[in-house]
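J.:
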Amino acid sequence: MANFSGTWKMKSSENFDELLKALGVNAMLRKVAGAAASKPHVEIKQNGDHFYIKTSTTVRTTEITFIIGEEFNEETVDGRKCKSFATWETENKIYCKQTLLSGNGPKTFWSRELKGDELILIFGADDVICTRIYVRAQ
Numbered sequence: 571m572a573n574f575s576g577t578w579k580m581k582s583s584e585n586f587d588e589l590l591k592a593l594g595v596n597a598m599l600r601k602v603a604g605a606a607a608s609k610p611h612v613e614i615k616q617n618g619d620h621f622y623i624k625t626s627t628t629v630r631t632t633e634i635t636f637i638i639g640e641e642f643n644e645e646t647v648d649g650r651k652c653k654s655f656a657t658w659e660t661e662n663k664i665y666c667k668q669t670l671l672s673g674n675g676p677k678t679f680w681s682r683e684l685k686g687d688e689l690i691l692i693f694g695a696d697d698v699i700c701t702r703i704y705v706r707a708q
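Using this note's numbering, read the sequence shown as starting at 571 and increasing by one per residue.
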């Protein structure tokens, strides 16, 4: 089983603005979110199937705690409340499906995968995919 624990800094990001558009975020908020999320600080603590992930930007900090195979509460990238369910897709990849608690919107998910020294974070909203690559902070 992969060990995701550590502090991570973003190396690259693709399609974040397109993801926010797919989620219905207006242009002004997308600009603010894009600037704030350009250098997120991510801390992950893992103990087997138990995870704690804290993501900090200049605008907001999110924290989630979950166990693989158990439903948990979190928020989508644009802040809507959802129920999430994470599973091991491979020994190095977690896939998490999100279901909105109310209202309508695109089907959303995220995945986190360890590839060598990199953490690949993917956010999806229907057919729009945002890929963010992180490296361990020294």
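For each residue, glycine too, the CB sits at the ideal point set by N, CA and C. Note that the structure is a prediction, hence the values are computed from the model and not measured.
#1: Nearest-angstrom Cα distance between Glu644 and Asp619?
#2: Are the CB atoms of Cys700 and Phe679 within a distance shorter than 8 Å?
#3: Select from Ser672, Ser575, Leu689 and Ile690 the residue whose C-alpha is nearest the C-alpha of Tyr622.
#4: Would the segment 596-608 count as touching the segment 655-663 if we require 3 or more Cβ pairs under 8 Å?
#5: Taking Cβ positions, are Phe655 and Glu633 nearer each other than 8 Å?
#6: What is the DSSP secondary structure of Gly604, counted as helix, strand or coil?
#7: Alpha carbon to alpha carbon, what distance is there between Leu689 and His611?
#8: So if DSSP puts Met598 in a beta bridge, which residue, or which two residues, is it bridged to?
#9: Alpha carbon to alpha carbon, what distance is there between Thr646 and Thr635?
#10: In whole angstroms, give me the CA-to-CA distance for Lys581 and Val705.
#11: Please name the residue in Asp687, Ala707 and Ile637 whose C-alpha comes closest to that of Asn617.
#12: Gly673 and Arg650: beta carbons closer than 8 Å?
#13: Gly675: which of Asn585, Val698 and Ile664 sits nearest, CA to CA?
#14: In whole angstroms, what separates the C-alpha of Lys579 from that of Leu671?
T.: With the given structure in hand:
#1: Within the sequence shown, numbered from 1, the residue matching residue 644 stands at position 74. Within the sequence shown, numbered from 1, the residue matching residue 619 stands at position 49. Rounded to the nearest whole angstrom, the CA to CA distance from Glu644 to Asp619 is 17 Å.
#2: Position 109 of the sequence shown, counted from the first residue, corresponds to residue 679. Position 130 of the sequence shown, counted from the first residue, corresponds to residue 700. No.
#3: Here the question's residue 622 lines up with position 52 in the sequence shown. With distances taken between Cα atoms, Tyr622 lies closest to Ser575.
#4: Output reads no: the segment 655-663 does not touch the segment 596-608.
#5: Here residue 655 is taken as the residue at index 85 of the sequence shown, counted from 1. Here residue 633 is taken as the residue at index 63 of the sequence shown, counted from 1. The answer is no: Cβ separation not under 8 Å.
#6: Numbered from its first residue, the sequence shown carries residue 604 at position 34. The three-state reading of DSSP puts Gly604 in helix, counting H, G and I together.
#7: Locating residue 611 in the sequence shown gives position 41, where the first residue counts as 1. Locating residue 689 in the sequence shown gives position 119, where the first residue counts as 1. For His611 and Leu689, the distance between alpha carbons rounds to 13 Å.
#8: For this step, residue 598 is matched to residue 28 along the sequence shown. DSSP output for Met598 lists no bridge partner at all.
#9: Against the sequence shown, residue 635 aligns to sequence position 65. Against the sequence shown, residue 646 aligns to sequence position 76. The straight-line gap from Cα to Cα measures roughly 15 Å.
#10: By 1-based counting over the sequence shown, the position of residue 581 is 11. By 1-based counting over the sequence shown, the position of residue 705 is 135. Using only the alpha carbons, I get a separation of about 6 Å.
#11: Numbered from its first residue, the sequence shown carries residue 617 at position 47. Looking at the Cα atoms, Ile637 is the closest of the given residues.
#12: On the sequence shown, position 103 is the one that residue 673 refers to. On the sequence shown, position 80 is the one that residue 650 refers to. Taking 8 Å as the Cβ cut-off, Gly673 and Arg650 qualify as a contacting pair.
#13: Counted from its first residue, the sequence shown places residue 675 at position 105. When only C-alpha atoms are compared, the closest one is Val698.
#14: Residue mapping note: residue 579 aligns to position 9 of the sequence shown, counting from 1. Residue mapping note: residue 671 aligns to position 101 of the sequence shown, counting from 1. Taking the straight line from one Cα to the other gives about 31 Å.
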